[in-house]
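Notes follow the structure.
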Amino acid sequence: MKVQQGKRNLFCFSFISLILSKRGISFDMKANKNKTGLIFDNIFLDPIHDKAHPETPKRLQLAWEKIQSHPGFNNSIVYLPLKEISDEMITMIHSEDHLEKISSRYSSNIVAIAKSAVGGVIAACDYVHQNKVQNAFVAARPPGHHARNYGREEGFCFFNNIAIAAKYLQNVLKYKRILIVDWDYHHGDGTEFFFYDDPTVLFFSLHDWHSYPGTGDPARKGEGEGYGYNINVHLNCGATDSDLRESLVDKLLPAAEKFQPDFVLVSAGFDSRKDDLLGCFNFSDSGFYDATKIVLDIANKYANGKIVSLLEGGYYPEGVANGVQAHLTSLSDNKQ
């Protein structure tokens with residue numbers, strides 16, 4: 001079974017291409033290989049929950065509007081379509097039981113949105129792998145890093161987009177060592193679950209251990225052959241940009257140097273930004289710019305610049321929009 005988004009994606013891509021080409025943006029892939037890819041589809045603006053729910057289309061809509069109107073992105077970002085996915089891509093990481101229960105428990109529209117988020121990150125991995133763009137950001141919802149195999153939505157997540165991407169990179173595109181960096185305010189418990197005993201995936205999560213879902217104890221470092229490849233960093237409520245930078249420099253960089261990833265993935269949650277409705281960190285847009293630069297330096301040093309990031313949490317629309325803009329600016333400023 002495939003997500004029936006192919007014709008819609010082609011139409012959306014053609015329409016976006018027409019509009020943006022009038023602004024002087026090239027869609028020649030050879031000309032775009034040093035640019036940042038942006039994967040987006042209007043399906044991500046469809047509702048999943050009721051209007052009072054924090055995981056609302058507004059958290060992405062404002063970000064999308066700001067991206068389109070930002071003149072600095074005209075020559076540095078290329079807009080790219082999703083790809084259709086098969087159920088087999090999802091079951092590379094999730095159980096068939098999980099997929100079956102999600103598909104039967106929720107409406108076909110909700111399932112299509114969730115599968116499209118997977119299609120977005122798979123597309124981004126393909127584009128970066130094929131050197132069609134230098135790096136890529138997936139502006140998608142719902143988030144995914146809490147999803148395990150419970151057969152239901154967990155923390156607004158249905159499928160673990162970033163974990164599926166990591167397994168796709170290994171199984172299909174044949175990368176050996178994947179680094180996943182997660183700076184969402186909430187611990188990426190689902191991502192940890194899938195790779196806890198896996199020495200080929202280094203998972204680094206920076207979060208508030210005392211918040212939802214109550215996981216992310218720094219003492220949990222992996223098990224078996226995966227021991228040492230799971231890094232949880234707890235920051236207290238009120239953590240600042242300096243705490244963010246210090247954690248990345250002191251804990252991520254040494255681990256990355258030892259691991260030497262050949263592809264980097266980022267769970268880019270912006271509920272760690274100041275003023276978020278569901279977080280209490282005080283990270284600023286400048287902090288996200290610098291954090292992105294640190295992770296880019298890792299990708300440049302070990303992975304030929306190959307990095308894909310994906311929107312996770314963030315529940316204050318203005319904050320998400322500004323955080324995404326800072327993140328995209330840093331990605332598109334990257335010069336190897």
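Heads up, the sequence shown is in the numbering used here, so the first residue is 1 and it goes up one at a time. Beta carbons are placed, not taken as given, at the ideal position from N, Cα and C, and that holds for glycine.
Among the options, whose alpha-carbon lies nearest the alpha-carbon of residue i?
i           : options               : result
residue 305 : 146, 117, 178 and 51  : 178
residue 63  : 315, 110 and 334      : 315
residue 74  : 132, 36 and 57        : 36
residue 107 : 207, 48, 254 and 117  : 48
residue 214 : 32, 128 and 187       : 187
residue 319 : 200, 149, 60 and 50   : 60
residue 211 : 328, 201, 247 and 234 : 234
residue 137 : 176, 292 and 259      : 292
residue 285 : 270, 55 and 109       : 270
residue 145 : 97, 205, 76 and 249   : 205
residue 185 : 294, 34, 268 and 66   : 268
residue 329 : 71, 115 and 225       : 71
residue 307 : 122, 92 and 276       : 122
residue 301 : 288, 166, 257 and 275 : 257
residue 252 : 238, 236, 229 and 90  : 229
residue 280 : 140, 207 and 96       : 207
residue 41  : 102, 118, 194 and 333 : 118
residue 101 : 181, 78, 159 and 126  : 159
residue 200 : 94, 222 and 83        : 222
residue 94  : 323, 148, 176 and 255 : 148
residue 288 : 298, 259 and 331      : 331
residue 165 : 99, 189, 91 and 226   : 91
residue 132 : 99, 34, 183 and 113   : 34
residue 83  : 167, 57 and 120       : 120
residue 239 : 323, 140, 216 and 282 : 282
residue 124 : 168, 57 and 259       : 168
residue 259 : 323, 38 and 180       : 180
residue 244 : 303, 50, 183 and 195  : 183
Are there 16 or more other CB atoms within 10 angstroms of the CB of residue i, so buried, or fewer, so exposed?
i           : result
residue 232 : buried
residue 21  : Confidence at residue 21 is low in this model, with a pLDDT of 44, below 50, so the placement of that residue is unreliable and no value is reported for it.
residue 153 : buried
residue 69  : exposed
residue 3   : With a pLDDT of 43 at residue 3, under the threshold of 50, the modelled position of this residue cannot be trusted; read the value that follows with caution. By the neighbour-count rule (16 or more Cβ atoms within 10 Å), residue 3 is buried.
residue 173 : exposed
residue 11  : For residue 11, the predicted structure reports a pLDDT of 48, less than 50, and the residue's modelled location is therefore unreliable. The matter cannot be settled from this model.
residue 53  : exposed
residue 242 : exposed
residue 5   : Caution applies to residue 5, whose pLDDT of 49 falls short of 50 and renders its modelled position unreliable; the model cannot decide the point.
residue 14  : Residue placement at residue 14 cannot be trusted, given a pLDDT of 47 that sits under 50; what the coordinates show is reported in the next sentence. Looking at its Cβ environment, which holds fewer than 16 other Cβ atoms inside 10 Å, residue 14 is exposed.
residue 261 : buried
residue 337 : Only positions 1 to 336 of the chain appear in this structure, which leaves residue 337 out of reach.
residue 273 : buried
residue 130 : exposed
residue 86  : exposed
residue 105 : exposed
residue 55  : buried
residue 171 : exposed
residue 142 : buried
residue 65  : exposed
residue 23  : Only weak support is given to the placement of residue 23: the predicted model assigns it a pLDDT of 40, under 50, and the question is left unresolved by the model.
residue 266 : buried
residue 277 : exposed
residue 81  : buried
residue 109 : exposed
residue 224 : exposed
residue 218 : exposed
residue 1   : Unreliable positioning characterises residue 1 in this predicted model, as indicated by a pLDDT of 42, which lies under 50. The coordinate reading is nonetheless provided below. Residue 1 comes out exposed.
residue 97  : exposed
residue 157 : buried
Which residue comes first and which comes last in the alpha helix (DSSP H) that contains residue i?
i           : result
residue 90  : 87 to 90
residue 348 : Beyond the ends of the chain as shown, which are 1 and 336, falls residue 348; an answer cannot be given.
residue 99  : 96 to 105
residue 327 : 317 to 333
residue 66  : 58 to 69
Looking at the secondary structure, which residues open and close the beta strand (DSSP E) in which residue i lies?
i          : result
residue 77 : 77 to 80
residue 37 : 36 to 39
Any idea which residues DSSP pairs residue i with across the strands?
i           : result
residue 204 : 181 and 231
If we cut at 8 Å on Cβ distances, does residue i have a partner in chain B?
i           : result
residue 244 : No chain B appears in this structure, which consists of one protein chain only.
Quick check for students: name the residue ranges of the beta strand (DSSP E) that lie wholly in the segment 206 to 292, counting only runs of 3 or more. 230 to 234 and 263 to 268
Which residue spans inside the segment 122 to 191 form an unbroken beta strand (DSSP E) run of at least 3? 135 to 138 and 178 to 182
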